[in-house]
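This report concerns only the one structure given below.
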Amino acid sequence: MLRLLWQELIFRRNSIIGWGLGLCFFPLVYVSIYPSFEAELANMQAILDLEIYKAMGITFATFEDWVASTIILFVPLVAAIYAVINATGTLAGEEADGRLEMLVVLPIPRWQIVTVKALALAISLLLILLIVGFVSMGVFWAIESQITTVISAWDILAALLAAYPLTLAMGMLSLFLASFCPTRRLASMIGIAILLVSYFGSNLAGMAEPIEPFKPLFLFTYLDISGNILVNGPEISD
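Residue numbering for the sequence shown follows my numbering, starting at 1 and increasing by one per position.
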């Protein structure tokens, strides 16, 4: 079982590195430009008061809000998209390619095959978030002397890792969809639809009273994407 897990991780190594480095775009660009962009944020507040930005949970009032709205918000969202793509390709995609049949004929219980693939996906998501987290810490240290903030680099890492349960939930849900949907495309479409509804629904629930009762159903409800998560740290109650 451990050997199969290692093989699954080797199979995913390129996607882990690629998605991890790709997501580093957010801290490398958005966090690094904050010192030179800080003076302009006050002039943007009127624009950010528009309903579309409120629906996306975006605010730039402080450095903590800036990091939350550009890193803590979008990195988990894109990482969840990776989880959907990877999970649906794990079963439905491998079945279409003929690789799943080769695994099934091995003297390994089928539950172990599914368990290994789920563990490999869970480890992949954690590694991706760690890559982005460590790069974010490096960028923060590079600009720390140019900004005024109450947070540390470790607070950014902790906030990013707080998104791990959300991305893992999307991955496991997509793995479930891949098991029952006839094609990978259908499983991916349903998974992405659930992700987007959860993202916008959690923000709109606080603005539209008819949606409020459904707020607990949206996964993003359980991720604090405000600057509070950086200042106070992740809360178990979330």
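Glycine residues also receive a C-beta, built at the ideal position from the N, C-alpha and C atoms.
Residue i CB to nearest heavy atom of the ligand COA below 7 Å
i	result
residue 29	This structure does not include the ligand COA; it has no bound ligands of any sort.
Reduced DSSP secondary structure (H/G/I, E/B, other) of residue i
i	result
residue 201	helix
residue 150	coil
residue 224	coil
residue 218	coil
residue 159	helix
residue 233	coil
residue 73	coil
residue 115	helix
residue 167	helix
residue 190	helix
residue 88	helix
residue 79	helix
residue 17	helix
residue 182	coil
residue 211	helix
residue 32	coil
residue 61	coil
Whether residue i touches residue j by CB criterion (8 Å)
i	j	result
residue 241	residue 21	Since the first and last residues shown for the chain are 1 and 238, residue 241 lies out of range.
residue 128	residue 230	no
residue 62	residue 233	no
residue 169	residue 204	no
residue 4	residue 114	no
residue 160	residue 138	no
residue 26	residue 75	yes
residue 223	residue 162	yes
residue 34	residue 143	yes
residue 166	residue 80	yes
residue 202	residue 215	yes
residue 29	residue 136	no
residue 83	residue 18	no
residue 149	residue 235	no
residue 78	residue 23	yes
Three or more C-beta pairs under 8 Å: does that hold for the stretch 75–90 against the stretch 189–209?
As far as the Cβ criterion goes, the stretch 75–90 touches the stretch 189–209, which means the pair count is three or higher.
Report yes or no: do the stretch 60–71 and the stretch 172–184 share at least 3 C-beta pairs separated by less than 8 Å?
Result no; under three Cβ-Cβ pairs closer than 8 Å.
Any contact between the stretch 123–133 and the stretch 5–21? By contact I mean 3 or more CB pairs, one from each, below 8 Å.
Remark: three or more beta-carbon pairs, one from each stretch, lie closer than 8 Å, so the stretch 123–133 and the stretch 5–21 are flagged as touching.
Could you tell me whether the stretch 180–187 touches the stretch 205–225, using the rule of 3 or more Cβ pairs below 8 Å?
Output reads no: the stretch 205–225 does not touch the stretch 180–187.
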